[in-house]
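Oh and the sequence shown: position 160 is 194 in this note's numbering, straight run, nothing missing.
The block underneath contains the structure these notes are about, expressed in structure tokens.
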Amino acid sequence: MDYRSFGQLDWKVSALGFGTMRLPIIGKDQAKVNEPESIKLIRCALDQGVNYVDSAFTYHDGNSETVIGKALAGKYREKAKVATKMPVFSVKSKEDLDDILSVQMKRLNTDYIDFYLFHSLTKQLWDRVLELNMLEWAERQVAKGRLGYLGFSFHDELEIFKEIVDAYDNWALCQIQYNYLDENYQAGKAGLKYAAGKGLAVVVMEPLAGGLLAVNPPAEIQKEWQKADVKRSAPDWALQWVWNQPEVSVALSGMNTMQQVEENVHSACHSGPNKLKPAEIKFLSKARELFLKCGYIGCTKCRYCIHCPQSIDIPVNLAFLNEYSTKRREPELQSKIKQQFADSVPLEKRASNCIHCGQCEAICPQHLPVHKLLSEVAACLE
């Protein structure tokens, strides 16, 4: 395993971190985590050198933290540091903070959380952090020995990111979305360098763009890949691009099969800053251009929008639209995708049921025009 500096801490983090937003589930209910399989995957990763496990209060309706608590029982707690997050978007009063942390500690079966982040900060949520004095509350928890180090995850514009970084002297880490498609999106590369320059560890989420970069790309991109001197799988290309940046501390991957664990660990063992050749970086820049021309939609399948009042399965609808759009030069494949949509998405969960209430757009961390995209799904696939 390759290990990297973690900000200013005297501790080395594995290049690969285990993200637990996409654990294996039973059926289609995201709350029903397959606990035995999830525990097996997490422990396998830890046995191979992964030492950073990331969660949040809301992942899998809270069951992500519960699974981590079980997976890290006994000797495994010594093998990893745990990061989880305060759901700022759910906090209405100061009293909520103590209640939520108590629930998290019970789920995680611990009295100490290594890294504690304010979840999915935007300008609006940062204002709430300040209004409710959440930083002072968090510092008290650190002083009590309940929390180790403080940080935040982020989904807004670069200037807001800089404002948050500069507003507090004791940040240890930040978590940003970053991959070769999203190099200049939200905090982006400029934010990565800014935070690292201030001494923060930078944790990268969505290095595979919600799985889009983990599958075979459109035909135009595959043709470019065949020209590369080094042959890599799609996820390996994406991960190596992230790890090539020396400012990155750890890249999180939401692994839900043993094959994904084995392949990503293998990639991490062959990673390092500034290891990609100029020709490989140029190749990935070309791949980015082709993806964007194909109509890439920045949905990462985070599933924050699953509680649609119309029961629309928004992530599934957008995933089909992404796949359909990227096959615009392959009409036969587009026809197959339309048929797959018809066969697998029930009528009551389809995009055409959207009433444009805006609830999904208000909570989307990518700030996507969801109702417009759902209209495209209805037009193209229904």
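Glycine is no exception: its CB is placed at the ideal position from the N, C-alpha and C atoms.
It should be emphasised that the depicted structure is a prediction, and the values quoted were computed from it without experimental measurement.
Annotation: Arg141 to Cys303 spans about 31 Å, alpha carbon to alpha carbon. Only residues of its own chain outside the window of five on either side were considered, and among them Tyr93, Gly288 have a CB closer than 6 Å to the CB of Met55, listed in chain order. In summary, Pro365 is exposed, with fewer than 16 beta-carbon neighbours lying within 10 Å of its beta-carbon over all protein chains present. In the DSSP assignment, Gly179 falls outside any alpha helix (DSSP H) and carries neither an H nor an E.
For Tyr150, the beta-bridge partners assigned by DSSP are Thr118, Leu184. Secondary structure remark: continuous beta strand (DSSP E) runs of at least 3 residues inside the stretch 340-383: none found. Going by DSSP, Tyr228 is part of the alpha helix (DSSP H) stretching over 222-231. Of Arg162, Glu395, Leu247, Gln64, the smallest CA-CA separation from Phe123 is found for Arg162. Proximity to Arg322 across Trp271, Val350, Ile194 peaks at Trp271, based on C-alpha coordinates. In the displayed model, Ala206 falls within a strand according to three-state DSSP.
With the rule of 3 Cβ pairs closer than 8 Å, the stretch 116-131 counts as touching the stretch 156-171. The straight-line gap separating the alpha-carbon atoms of Lys74 and Gly96 is approximately 19 Å.
Closest in alpha carbon position to His153, among Gln256, Gly233, Glu112, Asp88, is Asp88. Taking the Cα of Leu310 as reference, the smallest distance to any Cα among Phe325, Glu112, His300, Ala262 is reached at Ala262.
If you look at Gly53, you'll find it isn't in any alpha helix (DSSP H); it sits in the beta strand (DSSP E) that goes 50-53. Cβ atoms of Trp275 and Tyr358 stay farther apart than 8 Å, at about 26 Å. One Cα belongs to Leu184, the other to Trp205, and the distance between them is close to 6 Å. Annotated three-state conformation of Tyr212 is coil, per DSSP. In this structure, Val84 lies near Met35, with their beta-carbon atoms less than 9 Å apart. The alpha-carbon of Tyr86 is positioned some 16 Å away from that of Leu273.
From the listed residues Gln42, Lys66, Gln64, Leu50, the smallest Cα separation to Glu296 is found for Leu50. At the C-beta level, Ala385 and Ala412 come within 9 Å of one another.
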